[in-house]
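Input: a single structure, listed below in structure tokens.
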Amino acid sequence: MKICVFILLCLSTYGLHSAPFQEGNDTLKTQTIDTIGIQKPIKFFGGFSLLTTKKTISKEEIVAGDFVSVQEAIQKFTFYQLLSWGTLGYSSLVNSYGVIGNLEMFENGARRNLLPQNYSSFELFPVLSIDSVEIFFGSSSEITARNSNGISVNIQTRKFNTKIPYTQIWIGQAGYEYLGSSGVFSQNVAKNLNFHILYQRYWSAGRYNNSNSDRWNVILGLRWFPNERLNLYLQNKYSVINNALFGGLNPERSTVLFDNSFSVVNFENLNRKTTQNDFSFNYFYYLSNDSSAYVDGGLLFSVSKNEFDFEDYFANYFSVAKNSSYSSNLFNISSKFNFSSLRYKIIVGLDIEKRNQQEWLFFDEGGNFVPNTFAIVNFNLSKRMNLQFGGKVSKFGSEYLHSVGGNINFNFDKKSKIYIDLSLSKKEKSSIFSRSLLGIFGFNWIEPNFKINFEIFARQLANYKAFTITKDSLGNVISIVPTEITNDVSVFGSNFLCTVNIWAGLNYTTKFNLNYFATSNEQKEWLPLLDWKNSLFYRLSRGRSYVDIGLEFELFSPFKGLYFHPLYYYPVENQTKRNWQNNGINAFASAKLGNAYLNVSLRNVLSSNFYLLPIYPEYDRNIRITVFWSFGD
Numbered sequence: 188m189k190i191c192v193f194i195l196l197c198l199s200t201y202g203l204h205s206a207p208f209q210e211g212n213d214t215l216k217t218q219t220i221d222t223i224g225i226q227k228p229i230k231f232f233g234g235f236s237l238l239t240t241k242k243t244i245s246k247e248e249i250v251a252g253d254f255v256s257v258q259e260a261i262q263k264f265t266f267y268q269l270l271s272w273g274t275l276g277y278s279s280l281v282n283s284y285g286v287i288g289n290l291e292m293f294e295n296g297a298r299r300n301l302l303p304q305n306y307s308s309f310e311l312f313p314v315l316s317i318d319s320v321e322i323f324f325g326s327s328s329e330i331t332a333r334n335s336n337g338i339s340v341n342i343q344t345r346k347f348n349t350k351i352p353y354t355q356i357w358i359g360q361a362g363y364e365y366l367g368s369s370g371v372f373s374q375n376v377a378k379n380l381n382f383h384i385l386y387q388r389y390w391s392a393g394r395y396n397n398s399n400s401d402r403w404n405v406i407l408g409l410r411w412f413p414n415e416r417l418n419l420y421l422q423n424k425y426s427v428i429n430n431a432l433f434g435g436l437n438p439e440r441s442t443v444l445f446d447n448s449f450s451v452v453n454f455e456n457l458n459r460k461t462t463q464n465d466f467s468f469n470y471f472y473y474l475s476n477d478s479s480a481y482v483d484g485g486l487l488f489s490v491s492k493n494e495f496d497f498e499d500y501f502a503n504y505f506s507v508a509k510n511s512s513y514s515s516n517l518f519n520i521s522s523k524f525n526f527s528s529l530r531y532k533i534i535v536g537l538d539i540e541k542r543n544q545q546e547w548l549f550f551d552e553g554g555n556f557v558p559n560t561f562a563i564v565n566f567n568l569s570k571r572m573n574l575q576f577g578g579k580v581s582k583f584g585s586e587y588l589h590s591v592g593g594n595i596n597f598n599f600d601k602k603s604k605i606y607i608d609l610s611l612s613k614k615e616k617s618s619i620f621s622r623s624l625l626g627i628f629g630f631n632w633i634e635p636n637f638k639i640n641f642e643i644f645a646r647q648l649a650n651y652k653a654f655t656i657t658k659d660s661l662g663n664v665i666s667i668v669p670t671e672i673t674n675d676v677s678v679f680g681s682n683f684l685c686t687v688n689i690w691a692g693l694n695y696t697t698k699f700n701l702n703y704f705a706t707s708n709e710q711k712e713w714l715p716l717l718d719w720k721n722s723l724f725y726r727l728s729r730g731r732s733y734v735d736i737g738l739e740f741e742l743f744s745p746f747k748g749l750y751f752h753p754l755y756y757y758p759v760e761n762q763t764k765r766n767w768q769n770n771g772i773n774a775f776a777s778a779k780l781g782n783a784y785l786n787v788s789l790r791n792v793l794s795s796n797f798y799l800l801p802i803y804p805e806y807d808r809n810i811r812i813t814v815f816w817s818f819g820d
């Protein structure tokens, strides 16, 4: 670690006295100067630029907060609910319009997941590697993603184009021994050919016994942009993700629940270490000189090894070694054709995936061949009205799966619009429900001094599977068993986000999530009926620099919640109801000083005990500090 930081700092001093970068490089500030012989990277490389129902978070927004993962930026800048496992940096679950689970994730338009379960993980994406985050919802997500729950994310990687050596560093420190660092070095080694290397490392002891986490990411990238129409990108990403799986607190065995010393966790030794290597090649090519048609896509080959440390009783029950490991690999090829004109847009995509894995506790030896194709058409019905619709067909094993949907957008003017989105999708047998019907009504209004984003949604989930815990004679958790609910589950809710500039530099943000779950027989309290967040901060600006000082407060209504076993990832209805909760108030200060960003926060000032996943408590009172610094701007 010390050697890596030393090398990056040495390289950065070389760039401190060098000439400014040309326009089109990947820094947080650019200048328009002579760019003789250098071609800019294509802006839309790796994105879904033609989709209508999406939100975007930029790299400038990501570094301007005390975020240790991009998932925290998503939670701050959108109204979506993320449910934490109680360990800093560990990839959260997401409430996707009433379905709690993992997001479907892409990188440069191609699926990226941890093997072999194909769970998405924010831990594969270091903060400094991200150019922007595209968040798709409703029909756009259901059609483009293979097994979406209503929300999916595409990570666009940085488009480095640095004429001279360029360096950035990120350092983070937080409670319970969290320490993280990241660095990137970029250099154009030839005309229109860029090489960059990036690493990220963090360690956290965690609040409770067996809740530590450890991660390594190393990325090598080569980007070639020979002309205005063609971009190529070759990347090798090496990740080591080592997480202790404490499984939440056990209320029956804990002397004092939530107390760090007297609480007993469900699993004292369970641990998972994933070592994964992802080799990828992406391309983007304009088929026409007027940029109206282009193709993009890529290849991915992933190799993964998973190593487990089990509890003694678990190993004995399933007759497996206490220290067990297995390997898997994946090959994926994807391509999209995109066409746009003044009147309509078309996207046609094809995705083919082949997976292989060793026989192991949860998996049979062999693999799956998974083809997937989709098409989306977008029409401008008038100057103010737009219609988008499409469909997807995929084959998983012997199953044929499909999704259809669309949305209509009406723009009152350039500042405000309403939209209605409908989607119907059939899911895999391994999914917790067989079919989803989702409807969303939304309203957006953006003015210089305020922004409003509001949604109402309704959803029906057919054959929703409830799960129960199987225990041995001593009360130890062994497995999760499904029990099918014969009636559909209905979900109704609303999401709201409003940001207002009250006066001068004083700003206020409020957002809430309303969630109501029910079968034909009873209401289900799987999430708080109300999750209400508030933020008030004052900004003092001087030129390009500024300082923000503020407070954050969050309130949760009573609920029971869903318990998730860290091995099985299936929801189990919790039987104990939790009363009103709050986040204990966060106090924060953020500053942009030239090319440096400094963020300091005192989180959970009141040391409140709260959670959204039972019982994975959030950290009590702790301090977090992050520093982001670009050298050479």
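The opening position of the sequence shown corresponds to residue 188 in this note's numbering, with each subsequent residue numbered one higher.
Think of the CB as a built atom: it goes at the ideal place given N, C-alpha and C, for glycine as much as any other residue.
request  = Mind listing, in chain order, the continuous alpha helix (DSSP H) runs of no fewer than 4 residues lying wholly within the segment 442–511?
outcome  = For the segment 442–511, whole alpha helix (DSSP H) runs of length 4 or above, ordered along the chain, are 499–505.
task = Taking S728 as the reference, give the member of G781, P753, N682 with the closest Cα.
result = Out of G781, P753, N682, G781 has the C-alpha closest to the C-alpha of S728.
query = Taking just the CA atoms, how far does F743 sit from G577?
reply = When rounded, the distance between both Cα atoms is 37 angstroms.
task = Going by CA-CA distance only, name the one from R790, L785, L789, S795 that's closest to V814.
result = Answer by Cα proximity: L785.
query = Going along the chain, which residues of its own chain have a beta-carbon closer than 7 angstroms to the beta-carbon of T442, five neighbours each way excluded?
reply = Cβ neighbours of T442 within its own chain (closer than 7 angstroms, five residues either side excluded): F449.
Uninterrupted beta strand (DSSP E) stretches inside the segment 721–790 (no shorter than 3 residues) = For the segment 721–790, whole beta strand (DSSP E) runs of length 3 or above, ordered along the chain, are 732–743, 749–751, 758–760, 773–780, 783–790.
task = Could you spell out the range, first to last residue, of the alpha helix (DSSP H) harbouring F620?
result = It is not in any alpha helix (DSSP H) - F620 carries neither H nor E in the DSSP assignment.
query = What number of angstroms, rounded off, separates the C-alpha of K652 from the C-alpha of E291?
reply = Taken atom to atom, the span from the alpha-carbon of K652 to that of E291 is near 20 angstroms.
Start-to-end residues for the alpha helix (DSSP H) that takes in Q258 = Annotation for Q258: the continuous alpha helix (DSSP H) segment containing it runs 257–264.
Span separating the alpha-carbon of Q762 from that of K747 = Those two C-alpha atoms are separated by around 6 angstroms.
Whether P758 touches F644 by CB criterion (9 angstroms) = F644 sits away from P758, with the two beta carbons spaced by 9 angstroms or more.
task = Report yes or no: do three or more beta-carbon pairs, one from the segment 565–580 and one from the segment 518–538, lie closer than 8 angstroms?
result = Touching, yes.
task = Pull up the distance between the alpha-carbon of N766 and that of Y806, whole angstroms please.
result = A straight-line Cα-Cα distance of about 18 angstroms links N766 and Y806.
query = With I287 and L270 assumed to form a contact (beta carbons below 8 angstroms), what rounded beta-carbon distance in angstroms separates them?
reply = Confirmed, Cβ separation roughly 6 angstroms.
inquiry  = Here's a check: name, in chain order, each residue in its chain whose Cβ is nearer than 6 angstroms to the Cβ of I812, leaving out the five neighbours to either side.
reply    = Contacts found: Q360, V787.
task = Identify which residue in I627, Y353, K509 has its Cα closest to the Cα of G592.
result = Of the candidates I627, Y353, K509, the one whose C-alpha sits nearest the C-alpha of G592 is I627.
key: With 16 other Cβ atoms within 10 Å as the buried cut-off, status of L771   = Checking the sequence, you will find Gly at residue 771 rather than Leu. By the 10 Å Cβ count, G771 comes out buried.
Where E247 falls: helix, strand or coil (DSSP) = In the structure shown, E247 sits in a helix (DSSP, three-state: H, G or I).
key: Under the three-state DSSP convention, the category L793 falls into   = Taken through DSSP and simplified to helix, strand or coil, L793 comes out as coil.
message = Report the CB separation of F293 from Q258 in whole angstroms; it is logged as a contact under 8 angstroms.
response = With a beta-carbon spacing of about 15 angstroms, F293 and Q258 fall beyond the 8 angstroms limit used to define contacts.
Cβ pair T239, Q544 closer than 9 angstroms = Not a contact, by the Cβ cut-off of 9 angstroms.
task = Leaving aside the five residues before and after L302 along the sequence, list all residues of the same chain whose C-beta is less than 7 angstroms from its C-beta, in chain order.
result = Counting only Cβ-Cβ distances below 7 angstroms, and skipping sequence neighbours, we find Q463, S489, S491, S515, L517.
message = Helix, strand or coil, according to DSSP, for T331 in the structure here?
response = Residue state, collapsed to three classes: helix.
key: R542: first and last residue of the uninterrupted beta strand (DSSP E) it sits in   = That run of the beta strand (DSSP E) goes 531–544.
ask   = If we count the other Cβ atoms within 10 Å of its Cβ and call it buried at 16 or more, is E321 buried or exposed?
value = Counting Cβ neighbours within 10 Å, E321 comes out buried, since at least 16 surround it.
task = Assign L754 to buried or exposed, taking buried as 16 or more other Cβ atoms, counted over all protein chains shown, within 10 Å of its Cβ.
result = Classification for L754: buried.
request  = Spatial neighbours of T670 within its chain, please: CB distance less than 8 angstroms, with the 5 preceding and 5 following residues excluded, ordered by chain position.
outcome  = Same-chain partners within the cutoff: K652, A653, F654, T655.
task = Taking all protein chains shown into account, decide if I342 is buried (16 or more other Cβ within 10 angstroms of its Cβ) or exposed.
result = It counts as buried.
Bridge-paired residues (DSSP) for T349 = The partner list for T349 (beta bridge, DSSP) is empty, contrary to what the question assumes.
request  = On a CA-only basis, which of W713, N674, L723 is nearest N694? Give me that one, please.
outcome  = Taking only the C-alpha atoms, the option nearest N694 is L723.
query = Can you tell which of S603, Q647, K246, V427 has its C-alpha closest to the C-alpha of L611?
reply = Looking from the CA of L611, the closest CA among S603, Q647, K246, V427 belongs to Q647.
query = Thinking just about the alpha-carbon of each residue, which of S335, I358, F372, E248 is nearest to the one in D318?
reply = That would be E248, whose Cα lies nearest to the Cα of D318.
message = Tell me the rounded alpha-carbon separation between W403 and A649.
response = Cα-Cα distance, rounded: 40 angstroms.
query = In chain order, what residues of the same chain have a beta carbon less than 7 angstroms from the beta carbon of L717, not counting five sequence neighbours either side?
reply = F699, L701, S744, listed in sequence order.
Burial state of E712, where buried means 16 or more other Cβ atoms lie within 10 Å = E712 comes out buried.
message = Suppose the cutoff is 7 angstroms on Cβ atoms and the five residues either side in sequence are ignored; what does the same chain contact list for A774 look like?
response = Answer for A774: L738, S788, L789, V792, listed in chain order.
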